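Data first, discussion second: the structure below is written as structure tokens.
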Amino acid sequence: MAITSKWRQHIEAWQRSGLSQAEYCAAQQINVRTFAARLSDYRKLSQSDSVVLIPVQVSPSEPVDAGILFTHVQGHRLALPASVSARWVAELLRCLA
């Protein structure tokens, strides 16, 4: 389920409040079960949106013909020509995360 801005604001306000979920919901007159369901959706969305960085070591000892060479710690290599779009590389890295 998509998180509306209303629920995002409630969740972020609750996180800042220091109150328990039940206390916050009582103060805001919100159903506790509905709040818990939206919080679960929010957390799932946050996890899927997060970007994970992987360590990369640049090694000038092996020249690449003006392209990009990714080397995984297990020895896998991916060589891309310099003409590859940076946006495409970023999307590829998101898919691998």
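The UniProt record's numbering numbers the first residue of the sequence shown as 1 and each following residue consecutively.
Note that the Cβ used here is the ideal one computed from N, Cα and C, for glycine as well.
A quick note: this is a predicted structure, and the numbers were derived from the prediction, not measured.
Where does the unbroken alpha helix (DSSP H) through residue i begin, and where does it stop?
{"i": "I30", "result": "From DSSP, I30 is part of no alpha helix (DSSP H); its letter is neither H nor E."}
{"i": "A79", "result": "Counting along the chain, A79 falls outside any alpha helix (DSSP H), though it belongs to the beta strand (DSSP E) covering R77 to L80."}
{"i": "V11", "result": "Checking the sequence, you will find Ile at residue 11 rather than Val. First-last of the alpha helix (DSSP H) with I11: S5 to S17."}
Taking the continuous beta strand (DSSP E) assigned at residue i, which residues delimit it?
{"i": "I68", "result": "I68 to T71"}
Is residue i buried or exposed, if buried means 16 or more other CB atoms sit within 10 Å of its CB?
{"i": "H76", "result": "exposed"}
{"i": "R38", "result": "buried"}
{"i": "W14", "result": "buried"}
If residue i and residue j are in contact, beta carbons under 8 Å, what's the gap, nearest whole angstrom?
{"i": "Y42", "j": "W7", "result": "7 Å"}
{"i": "A2", "j": "Q21", "result": "With a Cβ gap of about 21 Å, A2 and Q21 do not count as contacting."}
{"i": "P55", "j": "G67", "result": "Rounded, the Cβ-Cβ distance is 20 Å, inconsistent with contact."}
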